[in-house]
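Asks:
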Amino acid sequence: MKNFVAEPLLLALQALQQQGLLQGVPIQLDFDRPRQPEHGHLASNVALLLAKGAGKKPRDLATSILGALPESPWIERVEIAGPGFLNFFLRPAAFHAVIAQVLGQGRDFGRQNLGGGLRLHLEFVSANPTGPLHVGHGRGAAYGASLAEILRFCGYDVFCEYYVNDAGRQMDILAASVYLRYLEAAGHGLPWDFPQSAYRGEYVREIAAHLLAREGDALVFASKNMPDLAAIADGDAAIDQLIAHLKDALGAAAYGRLHAAGLQEILADIRDDLAEFGVVYQNWYSERSLMEQGAVERAIARLEEGGHCYRAEGALWFRSTDFGDDKDRVLQRENGAYTYFASDVAYHFEKGTRGFSQLIDMWGADHHGYIPRVRASLQALGADANALEVLLVQFAILYRGTEKVSMSTRAGEFVTLRQLREEVGNDAARFFYVLRRADQHLDFDLELATKHSEENPVFYIQYAHARVHSLRRQALERGLSLPTQPPDLACLTDPRELELADRLWRFPEQVASAARDREPHQIAFYLKDLAAGFHTYYNATRILVEEDALRLARLSLADAIAQTLANGLALLGVSAPETM
RNA sequence: GCGCCCAUAGCUCAACCGGAUAGAGCAACGGCCUUCUAAGCCGUAGGUUGGGGGUUCGAUUCCCUCUGGGCGCGCCA
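Be aware that the first sequence starts at 584, since it is given in my numbering, and climbs by one per residue.
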């Protein structure tokens, strides 16, 4: 739609160039949507931008441009204002064309091909499978899923992946926690209190109960000669001793079943939870498979071949300081075990070999210090470090009223994503999560979200959508005809109607902007604005009037608005109900 | 101490890769339902964009500095 103005303006600038007025000045077209209606529907500051290079005063240049503008069926008039802005006023026909376009394109209105099919890898959530997802993870899930949809709508080939940390010490702690609950469920009391450093959530008992149902007493024997945890002051050391004992006593096969019991149940839960939330992955990538395939060894060998490693204090280090990191990082510990970082080096390198042009990672903001070392590793491995883009998502801080809610997974004190979804509904949750920029802290007041969920702006938007469909139902009930394609919009002359069409026209731009900035909240705010415009119009103007032409034209406008609301809501994973 | 992020109306947040007079919602106050869904609409009030410098025709936006907050600085993940 900007072409209505961009094409004539470009022609004018080219004409001036031929006259020698803009020699050596690179032409750049730039438009603004003025806040003030007096400033037109579109304003261009080209004269201000090009004035310096052309050696002219901005207003004089603007006058020259104005003189060179060809006639256009869409442009009513052009004014020069302020320091040299060119303000374009469009004819109603331009807005009618927008409405027709929305109705013609339907669900594809707003779709565009910015990406050109570029393959893009998007990793998000990737929470450790040591417990159910909590409300904090929900933000990443909603944000990532919405971003994926927006990017797809803009012509990118997006591949969503969840990186499963199924290999680390945290999983061993989970296994040990399950084992202790298993003993309890089997009727064997623990010789000491349940450890503080183990996972104490209720879900661990459930996993243990299922394990007991499958295994019976078969694993109880390993409770003999357990280390005396009560005697070990350091909780982490205590749990590590317990893990070592269990691995030894149970043997690889039985310990593997114990380990898998927790992992598989929790992973299945996470998968279902996210699927119900409308968050779908193309792949779940196992950290353990990375290790079993030798990818970590290969990556480290490659680093060593490049001379980026050294041994010190018994450990193998990566000289990340050569690539701008604060300090060097350990890849392999003194005890021979690889660090989490080593897996991540391999994982990110491996991603790059799968043919993606760009890698987008979404991390919690607490991981920001991690970016330089991952970048450094990609650089050292000869990969394109610029292909990795890390989006940091700030924490969601939970409140219950004015009180901060603890969010410890170990202690099992948290509100799960599932609980939240059940309380406020998927639509409200999805929308609420993307309502603010990712780099803003999200204050999530549970009391407010549950008690006053009807105040959530998602209902405001859905209500506007439902109202349009209500109009259509009303029209049918009264035996009135509905619009046909293409609509006749000539009688839409009211400034409010044209202004609404103006907002519709903005949708594709907003989608592109949201994709470029990786900011789904832009869509959310746009939809609020469009819904507000419709509610105002609805209250001020009767749509189902007797006069056929006017009624059909207004219904067409309403249909176009509903279509755009539905398209936008779909990008955010929110439903667009026809009745409320 | 070093690094990253943030600071806009009483509260929660917008402001289109620098644009013209900084906008919404909530809270407050006052109006609108015998006609298309009042989960709505209209109006009033609310600001030195944390302070100070700089760049620019032009700064909430970019740079510097200070203040205040969040997070990080493990052979944890």
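Quick reminder that beta carbons are idealized off the backbone N, C-alpha and C, glycines included.
Pull up the distance between the alpha-carbon of A963 and that of R885, whole angstroms please.
Replies: Counted from its first residue, the first sequence places residue 963 at position 380. Counted from its first residue, the first sequence places residue 885 at position 302. The alpha-carbon atoms of A963 and R885 are separated by roughly 9 Å.
Asks: Spatial neighbours of R722 within its chain, please: C-beta separation below 7 Å, excluding the five flanking residues on both sides.
Replies: Position 139 of the first sequence holds residue 722. Counting only Cβ-Cβ distances below 7 Å, and skipping sequence neighbours, we find V976, A979, Y1016 and L1025.
Asks: What's the call for L1065, buried or exposed, on a 16-neighbour Cβ count within 10 Å?
Replies: Along the first sequence, read from residue 1 onward, the residue named residue 1065 stands at position 482. So L1065 counts as exposed.
Asks: Can you check whether the CB of V747 is closer than 8 Å to the CB of V787?
Replies: Your numbering for residue 787 matches position 204 in the first sequence. Your numbering for residue 747 matches position 164 in the first sequence. The beta carbons of V787 and V747 sit no closer together than 8 Å.
Asks: Please tell me whether H717 and V998 are closer than 8 Å, where the distance is taken between their beta carbons.
Replies: Working through the first sequence from its first residue, we reach residue 717 at position 134. Working through the first sequence from its first residue, we reach residue 998 at position 415. Yes, the Cβ-Cβ distance between H717 and V998 is below 8 Å.
Asks: Taking the CB atoms as reference points, tell me whether L701 and Q1002 lie closer together than 8 Å.
Replies: In the first sequence, the residue the question calls residue 701 occupies position 118. In the first sequence, the residue the question calls residue 1002 occupies position 419. No. Outside cutoff.
Asks: By how many angstroms is the C-alpha of A598 removed from the C-alpha of R902?
Replies: Numbered from its first residue, the first sequence carries residue 902 at position 319. Numbered from its first residue, the first sequence carries residue 598 at position 15. So the alpha carbons of these two residues sit roughly 57 Å apart.
Asks: Is H704 closer than 8 Å to F742 when the C-beta atoms are compared?
Replies: Working through the first sequence from its first residue, we reach residue 742 at position 159. Working through the first sequence from its first residue, we reach residue 704 at position 121. Yes, the pair counts as a contact, with Cβ atoms nearer than the cut-off.
Asks: Using DSSP with H/G/I as helix, E/B as strand and the rest coil, what is R902?
Replies: Your numbering for residue 902 matches position 319 in the first sequence. R902: coil per DSSP, three-state reduction.
Asks: Kindly identify the DSSP beta-bridge partner or partners of Y782.
Replies: For the purposes of this step, residue 782 is identified with residue 199 of the first sequence, where counting begins at 1. Paired residues: none, contrary to the question.
Asks: With which residues is A558 paired in a DSSP beta bridge?
Replies: Residue 558 falls outside the range modelled here, since the chain spans only 584 to 1163, and no answer is possible.
Asks: Would you kindly work out how many angstroms separate the C-alpha atoms of L686 and E887, rounded to a whole number?
Replies: In the first sequence, residue 686 corresponds to position 103, counting from 1. In the first sequence, residue 887 corresponds to position 304, counting from 1. If I take the Cα positions, the gap works out to 60 Å.
Asks: Provide the residue span of the beta strand (DSSP E) that contains M874, from first to last.
Replies: Within the first sequence, numbered from 1, the residue matching residue 874 stands at position 291. No beta strand (DSSP E) holds M874; the alpha helix (DSSP H) holding it covers E870 to E875.
Asks: If you draw a straight line from the alpha carbon of E859 to that of R1020, how long is it in whole angstroms?
Replies: Residue 859 sits at position 276 when you count from the first residue of the first sequence. Residue 1020 sits at position 437 when you count from the first residue of the first sequence. Approximately 24 Å, taken between the alpha carbons.
Asks: What ranges does the beta strand (DSSP E) occupy inside the region 916 to 985, keeping only unbroken runs of at least 3 residues that lie completely in it?
Replies: 941 to 947, 971 to 976 and 979 to 983
Asks: Curious, which full-length beta strand (DSSP E) runs of at least 3 residues does the region 1037 to 1067 contain?
Replies: You should have found no qualifying run.
Asks: Confirm, please, whether the CB-CB distance from L604 to F614 is below 8 Å.
Replies: Taking the first sequence and counting its residues from 1, the one referred to as residue 614 is at position 31. Taking the first sequence and counting its residues from 1, the one referred to as residue 604 is at position 21. In this structure, L604 does not lie closer than 8 Å to F614 by Cβ.
Asks: Would you list the residues sitting across from E867 in a DSSP beta bridge?
Replies: Residue mapping note: residue 867 aligns to position 284 of the first sequence, counting from 1. Checking the sequence shown, residue 867 turns out to be Trp, not Glu. According to DSSP, which records beta bridges pairwise, W867 is partnered with Y745.
Asks: By the 10 Å Cβ neighbour count, where 16 or more other Cβ atoms means buried, how is V725 classified, buried or exposed?
Replies: Translated into the one-based positions of the first sequence, residue 725 becomes position 142. According to the sequence shown, residue 725 is Ala rather than Val. Around the CB of A725, 16 or more other CB atoms lie within 10 Å, so the residue is classed as buried.
Asks: Would you please state the rounded distance, in angstroms, between the beta carbons of N628 and F672? I believe it to be under 8 Å.
Replies: For the purposes of this step, residue 628 is taken as the residue at position 45 of the first sequence. For the purposes of this step, residue 672 is taken as the residue at position 89 of the first sequence. Incorrect: roughly 17 Å between the Cβ atoms, too far for contact.
Asks: Relative to the C-alpha of A1141, which residue among I1126, R616, E1006 and H793 is closest?
Replies: To locate residue 1141, count along the first sequence from 1; it is residue 558. The residue with the shortest Cα to Cα distance from A1141 is I1126.
Asks: CA-CA distance, A1143 and R1101?
Replies: Along the first sequence, read from residue 1 onward, the residue named residue 1143 stands at position 560. Along the first sequence, read from residue 1 onward, the residue named residue 1101 stands at position 518. Whole-angstrom Cα-Cα distance: 26 Å.
Asks: May I ask you to list the residues that DSSP assigns as paired with R660?
Replies: Here residue 660 corresponds to residue number 77 of the first sequence, with the count starting at 1. Bridge partners of R660: F672.
Asks: Could you pull the start and end residues of the alpha helix (DSSP H) that Y534 belongs to?
Replies: Nothing about residue 534 can be reported from this structure: the residues present for the chain run from 584 to 1163 only.
Asks: If you run the structure through DSSP and keep just helix, strand and coil, what is L705?
Replies: Working through the first sequence from its first residue, we reach residue 705 at position 122. Here DSSP, grouped into helix, strand and coil, assigns L705 to strand.
Asks: Confirm, please, whether the CB-CB distance from Y1121 to R1061 is below 8 Å.
Replies: For the purposes of this step, residue 1061 is taken as residue 478 along the first sequence, with counting starting at 1. For the purposes of this step, residue 1121 is taken as residue 538 along the first sequence, with counting starting at 1. Taking 8 Å as the Cβ cut-off, R1061 and Y1121 do not qualify as a contacting pair.
Asks: Touch check for the region 1150 to 1159 and the region 1093 to 1107: three-plus C-beta pairs under 8 Å?
Replies: With the cut-off at 8 Å, the region 1150 to 1159 and the region 1093 to 1107 touch.
Asks: Hey, out of P1078, E706 and R694, whose CA is closest to S869's CA?
Replies: Reading the first sequence from its first residue, position 286 is the one you call residue 869. Just measuring C-alpha positions, the residue of P1078, E706 and R694 sitting nearest S869 is E706.
Asks: Any contact of the region 926 to 936 with the region 965 to 976, i.e. 3+ C-beta pairs under 8 Å?
Replies: Yes: the two stretches touch, three or more of their Cβ pairs being nearer than 8 Å.
Asks: DSSP on Y739, reduced to helix/strand/coil?
Replies: Along the first sequence, read from residue 1 onward, the residue named residue 739 stands at position 156. DSSP places Y739 in the coil class of the three-state scheme, outside both helix and strand.
Asks: Identify the continuous alpha helix (DSSP H) that holds A836 and give its terminal residues.
Replies: Residue numbering aside, residue 836 sits at position 253 when the first sequence is read from its first letter. Start and end: G818 to E859.
Asks: Going by the beta-carbon positions, is the gap between P715 and D856 smaller than 8 Å?
Replies: The sequence position of residue 715 within the first sequence is 132, counting from 1. The sequence position of residue 856 within the first sequence is 273, counting from 1. Yes. Within cutoff.
Asks: Assuming A630 and L644 form a contact by the criterion Cβ under 8 Å, report the distance between their Cβ atoms to the nearest whole angstrom.
Replies: Translated into positions along the first sequence, residue 630 becomes position 47. Translated into positions along the first sequence, residue 644 becomes position 61. The Cβ separation is near 4 Å, so the contact holds.
Asks: Per DSSP, which one or two residues make a beta bridge with M893?
Replies: As a working mapping, residue 893 is identified with position 310 in the first sequence. It is Tyr, not Met, that sits at residue 893 in the sequence shown. Note: Y893 sits in a beta bridge opposite W900.
Asks: What does T999 pair with, by DSSP beta-bridge criteria?
Replies: For the purposes of this step, residue 999 is taken as residue 416 along the first sequence, with counting starting at 1. Paired residue(s): H717.
Asks: Between L763 and L773, which are expected to be in contact by the criterion C-beta below 8 Å, what is the C-beta distance as a whole number of angstroms?
Replies: Along the first sequence, read from residue 1 onward, the residue named residue 763 stands at position 180. Along the first sequence, read from residue 1 onward, the residue named residue 773 stands at position 190. Indeed they touch by this definition, with Cβ atoms about 6 Å apart.
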